[in-house]
Each structure stands twice: as structure tokens, then as C-alpha cells.
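Numbering (the numbering used here), first residue to last: 153 to 399.
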């Protein structure tokens, strides 16, 4: 929210100019002096909260900015209690100045380190996602299946539900390439991938194994393995029905 950040920055400058001749060491002056910093910390806290990445690093970063906000709101009381000096020059020699600058510096360095860790984590996640995504169809590739599949098996066993593996192969796909060219063959693969994504729900892992071979991992917590009407079978019927007009 760059516009809001600019407004906050301008408001901070205006507030600083408004209290320029105020009496230092009083609660109103010190509170208004720290208010823009505390407000900025709240804005950053809300921005971090909206980051899609979950996990302890994001939580710690939110916690640090919550502490930073509280820190700036406590500083006026410290300034009144310890004394912030009658002038900017006198401020530099006060104990409050040392405590204020050191504590603020430590908190901001900690926030910067956790923010850097969050960026590194996102970069690693993006690298793994690129390595496990088929570039043509955008589906999970074989490498992704080998990493995610075992985890899905463990989750299914722990939750006491079934996990069906569905293997799909496009018949006579070579004849499409031979007759219409590989560009048309690629278009068929992409169209088939979109069809699978449209029929499968979010909890189904859709994979392109390679060439014209695809696979689905379908969780099912309702039907027994012996059922001929389990979720995987119903999905297979839906795929065949969707392909019939193109047969």
C-alpha cells in the first residue's frame, strides 16, 4: 500500500514540524514524537499478516513488529521518567538516548533478519515448485509425485481413509503427433491437463508422469476399497465421459 505509506510519511513530517517548538520531556510531546513510528509498525504487522506463507518464521516476524509497536508506545513513558534532555544536543548525552537507540536498533535488526529468512524461504519454495512442475501443462511432475506421494500416504493412513492411484494414458497419441505435428500434440496434452484439473477437486494430486502418461492420487474417506463406486472410480467415469466427444 504505497499510497498509504506515503500519506503516513507526510503525516509524520507534518506532526514533527507541529511539535518542533514543544517542550521535550513531557508526555504529549514524547507521545506525538513516537506516534508515527508506532503506527508504521502496526501497518507492517498487518502487511506481514497478509503474506501467504505460513509457518514459524512469519509468526516470529509478526511478533517482533508487535513488540516494536509496543516499544514505541512505551518510549514516551521512558522519556518522561529518565529525561530526554532539554534539546536535541542534550538528548545525545542522556541515559534514555542510549537505552532508546540500542533497544530500537536490536529490534529492527531482528526484524530485518527474520524478513530475510522469510524471503529465503519463499525463494526455496519457488525453486522446489519449479523443479516439481511440468513446464508444458503446469501439473505436478514425477519428481513432485515422489516427494508429495509418501506424505499423502502417511496422512491417509493416520486419518484412516483410502488413497487411490489412478493411471491414465492417452491412446494413439503418437498418431496425433505424426499426423498433425508436435505443436498440436502439445495442445492436446495441455487441454487434457486442464480437463483433469477441472474435474478433480483441490485435494486430488494431478500428475503428468511423462509423455502422454498422467496420474491422479485421489483421497477417499467414505468408500471402502472393495466398493465399485468409490471416488476414484467416479472420477474415471467423469473423465471418460468428458473425452467421448473427442474420441
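Virtual Cβ for every residue (Gly too), placed ideally from N, Cα, C. Computed from a predicted model, the values in this text were never measured in an experiment.
Considering just the uninterrupted stretch of the beta strand (DSSP E) at residue i, what are its terminal residues?
i           : result
residue 362 : 357-362
For residue i and residue j, what's the separation of their Cα atoms in angstroms?
i           : j           : result
residue 352 : residue 371 : 11 Å
residue 268 : residue 328 : 49 Å
residue 398 : residue 323 : 12 Å
residue 305 : residue 384 : 15 Å
residue 309 : residue 344 : 31 Å
residue 325 : residue 279 : 31 Å
residue 342 : residue 277 : 24 Å
residue 167 : residue 303 : 55 Å
residue 358 : residue 275 : 24 Å
residue 362 : residue 389 : 23 Å
residue 381 : residue 213 : 48 Å
residue 180 : residue 174 : 9 Å
residue 219 : residue 259 : 8 Å
residue 204 : residue 245 : 44 Å
residue 161 : residue 208 : 30 Å
residue 270 : residue 350 : 33 Å
Going by DSSP, which residues form a beta bridge with residue i?
i           : result
residue 371 : 315
residue 365 : 321, 362
residue 292 : 285, 359
Note the first and the last residue of the continuous alpha helix (DSSP H) segment covering residue i.
i           : result
residue 211 : 208-234
residue 334 : 334-351
residue 277 : 247-283
residue 182 : 179-201
residue 240 : 240-243
residue 385 : 383-395
residue 164 : 154-170
Which residue from the options puts its Cα closest to that of residue i?
i           : options            : result
residue 235 : 281, 347, 252      : 252
residue 365 : 373, 311, 294      : 294
residue 250 : 230, 261, 161, 157 : 230
residue 224 : 183, 333, 387      : 183
residue 354 : 368, 154, 333, 228 : 368
residue 190 : 239, 248, 247, 256 : 256
residue 360 : 338, 393, 289, 156 : 289
residue 226 : 206, 205, 171, 248 : 248
residue 263 : 215, 177, 318, 176 : 215
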